[in-house]
Amino acid sequence: MKVYKSLICGILSLAFTSCQETLFEDLDSASVDVVTNDNVKYEGNILTVKKNTPVDFQLNGNPDYITFYSGEFGHQYAYVDKTEYDVEDIKKMTFSFSLWSQYGYYDRGVKGRLKVYYCAGEDETTAFPGLSKGDFEADSILVETFPNWKLLTNDEELITSSTHNNSGSAGAFSVDIPTDFYNKKLTLAIVRNPQNQLVGEEYENSEGKKETALQSSFNFQDMKIVTTLKNGTSVTTYASAFGFTPLNMKNKTYFEDLEDSQFDLPADLEYGSVSGNVSGYWNLSSIASGTFSIRGCAVNGLWRYNWLVSDYINLLSKPVADVGVKVKDISQSSSAYTYTYSNVGTYRATFVLNNSNYEESQQKLCEFIVNVVE
């Protein structure tokens, strides 16, 4: 029995060694060539091609799998396993949005009623510690007393008496984010009614009766961060990725004007948002496109007080992983592949060749520098 067992093991060992040798040999002999013509030149691993001209690649050998990465944005092999951009790949980052207000008079309901803060810290002593999102009292005290908030902008910088009540004249804000922020813990915070004013200023209306000013509504549009890479491409990240959490500071206050809105109120009065025009709660239903708002209250109503605080914003985060195109797998055979570049530029095209068995896999890269010209 021991003789047979030894013989069987020896046969399996030889078979496995032979399989491994074949695995490596097949991949060693595999390669990718370029078919040249008047519009496709290839010299010294540099491929020069006119845009919109098909490039024919010849696939030599018989690897089990072949995947092609064109080198264009979203299809770069160098970023396949990366979840973040390298700082040196970034040309600039720009944070922007527009803001407009509506209802009431500028000086009574808007001016000095909204602020946008930021904090870019490096450690627990300088960064915003983050909301618990479960202990509302602690979170409320934290945002009000946190010493490292810095003013980014406010309604007085973005809205004027002539543009109030005019959605077509929203105040635009844009700032390039400093490079030294890229690796910091960045938090954004928006506060409506920062003075925690209970009622608007009293004045006489057109009939000579005294009433308090209504609380205006604020509308944010197109809030986003645009990351421009040195290769000329750009990535847009909208406010929905910032992880904004509302803090409804007056959630225990009785508001007479909300009696008819009881079915529209959020289930979570402390941290919830709404999808309709409910006074005193953030409407985040369109935040995927960077649009969100908060409604005020009518004349003689009690003013609301709200915060909206982000999670840490990872400025280097890649929103999606780069992907390639499957050229061949074990179930199909292919000896050629054609690809067309439609934009002028320089790209690193990569063919990833793989062989594998139940025990091991091997990989080989065939790369080309592609200069696409007019």
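Residues in the sequence shown are numbered consecutively from -3, following my numbering.
Here a beta-carbon is modelled for each residue, glycine too, at the ideal position from N, C-alpha and C.
(1) Between residue 162 and residue 364, what straight-line distance do the alpha-carbon atoms span, to the nearest angstrom?
(2) Quick one: using the 10 Å Cβ neighbour count with 16 as the cut-off for buried, is residue 359 buried or exposed?
(3) In whole angstroms, give me the CA-to-CA distance for residue 318 and residue 223.
(4) Keeping to the same chain, check which residues put their C-beta closer than 6 Å to that of residue 116; ignore five residues upstream and five downstream.
(5) Residues in its own chain within less than 6 Å of residue 320 by CB, not counting five upstream and five downstream?
(6) Residue 207 and residue 296 - do their beta-carbons sit closer together than 8 Å?
(7) Could you pull out every residue in the same chain whose Cβ sits closer than 6 Å to the Cβ of residue 157, ignoring the five residues on either side in sequence?
(8) Tell whether a beta-carbon distance below 8 Å holds between residue 278 and residue 304.
(9) What is the DSSP secondary structure of residue 90, counted as helix, strand or coil?
(10) Roughly how far, in whole angstroms, is the beta-carbon of residue 67 from the beta-carbon of residue 346, given that I think they are within contact range, below 8 Å?
(11) Tell whether a beta-carbon distance below 8 Å holds between residue 28 and residue 56.
(12) Kindly indicate which residue of 98, 23 and 276 has the alpha-carbon position closest to the one of residue 189.
(13) Any idea what DSSP makes of residue 168, helix, strand or coil?
(14) Starting from residue 313, follow its DSSP beta bridges and name the residues at the other end.
(15) Let me know the beta strand (DSSP E) ranges lying completely inside the region 206 to 290, each 3 residues or longer, listed in chain order.
(16) By DSSP, does residue 307 sit in helix, in strand, or in coil?
(17) Among all the DSSP beta bridges, which residues are the ones paired with residue 45?
(18) Can you tell me whether DSSP reads residue 53 as helix, strand or coil?
(19) How would you call residue 250, buried or exposed, if buried means at least 16 neighbouring beta carbons within 10 angstroms?
On the basis of the supplied data:
(1) Along the sequence shown, read from residue 1 onward, the residue named residue 162 stands at position 166. Along the sequence shown, read from residue 1 onward, the residue named residue 364 stands at position 368. Distance between the alpha carbons of residue 162 and residue 364: 53 Å.
(2) Locating residue 359 in the sequence shown gives position 363, counting from the first residue. Burial call: exposed.
(3) Counting from one through the sequence shown, the residue named residue 318 turns up at place 322. Counting from one through the sequence shown, the residue named residue 223 turns up at place 227. Computed Cα separation, rounded: 16 Å.
(4) Here residue 116 corresponds to residue number 120 of the sequence shown, with the count starting at 1. 177, 180 and 182.
(5) Within the sequence shown, numbered from 1, the residue matching residue 320 stands at position 324. Around residue 320: 63, 64 and 65.
(6) In the sequence shown, the residue the question calls residue 296 occupies position 300. In the sequence shown, the residue the question calls residue 207 occupies position 211. The answer is yes: Cβ separation under 8 Å.
(7) By 1-based counting over the sequence shown, the position of residue 157 is 161. Within the same chain, residue 157 has close Cβ partners 102.
(8) Here residue 278 corresponds to residue number 282 of the sequence shown, with the count starting at 1. Here residue 304 corresponds to residue number 308 of the sequence shown, with the count starting at 1. Contact flag set, yes.
(9) Within the sequence shown, numbered from 1, the residue matching residue 90 stands at position 94. Residue 90 falls in the strand class under three-state DSSP.
(10) If you number the sequence shown from 1, residue 67 lands on position 71. If you number the sequence shown from 1, residue 346 lands on position 350. 7 Å between Cβ atoms; contact.
(11) One-based indexing of the sequence shown puts residue 28 at position 32. One-based indexing of the sequence shown puts residue 56 at position 60. Yes, Cβ-Cβ distance for residue 28 and residue 56 is below 8 Å.
(12) Here residue 189 refers to the residue found at position 193 of the sequence shown. It is 276.
(13) Working through the sequence shown from its first residue, we reach residue 168 at position 172. Residue state, collapsed to three classes: strand.
(14) Position 317 of the sequence shown, counting from 1, holds the residue named residue 313. For residue 313, which the question treats as bridged, DSSP gives the partners 80.
(15) 206 to 208, 213 to 225, 230 to 234, 241 to 244 and 288 to 290
(16) For the purposes of this step, residue 307 is identified with residue 311 of the sequence shown, where counting begins at 1. It is coil, neither helix nor strand.
(17) Residue mapping note: residue 45 aligns to position 49 of the sequence shown, counting from 1. Per DSSP, 36 and 368.
(18) To locate residue 53, count along the sequence shown from 1; it is residue 57. Here residue 53 sits in strand by DSSP.
(19) One-based indexing of the sequence shown puts residue 250 at position 254. It counts as exposed.
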